[in-house]
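For the sequence shown, position 50 matches number 50 in UniProt numbering, and the numbering has no gaps at all. Where a beta carbon is used, it is the ideal one built from N, C-alpha and C, also for glycine. Computed from a predicted model, the values in this text were never measured in an experiment. To start, the structure under review is shown below, and the notes come after it.
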Amino acid sequence: MTELPLPIRPDIWLAHVFLSRAAAQGGVVRRRTRDIERIVGRERFLAELERRGFRAVENAGQTIIFCNRDPVRIVR
1 MTELPLPIRP DIWLAHVFLS RAAAQGGVVR RRTRDIERIV GRERFLAELE
51 RRGFRAVENA GQTIIFCNRD PVRIVR
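Rendered as structure tokens:
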């Protein structure tokens, strides 16, 4: 099976995620984990989270990005 070309450049994809309205307002952004790994790669994504001081959690193939520096607490 051959891989299809990426539909978007990694730097543009990252900019799109972190310049979204939710991110700009310190909210939450959700993306498919598979898309993150395929388009930008896990290491680059984690480095961008670190650079911005953001946190993220993964569950059921989704990555939830908390676009602020507040602590994250798992309630249950």
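Open item on the list: When you compare the CB positions of G27 and C67, do they come within less than 9 angstroms of one another, or not?
Closed with: yes
Task: The alpha helix (DSSP H) enclosing I8, as first and last residue numbers - done: It is not in any alpha helix (DSSP H) - I8 carries neither H nor E in the DSSP assignment.
Task: C-alpha distance - E58 paired with I65, whole-angstrom precision - done: 9 angstroms
Task: Proximity winner among L19, I74 and I8, relative to D35 (alpha-carbon distances) - done: I8
Task: Rounded C-alpha distance that separates L19 from D11 - done: 12 angstroms
TODO: Specify the secondary structure class of I74 as computed by DSSP and reduced to three states.
DONE: coil
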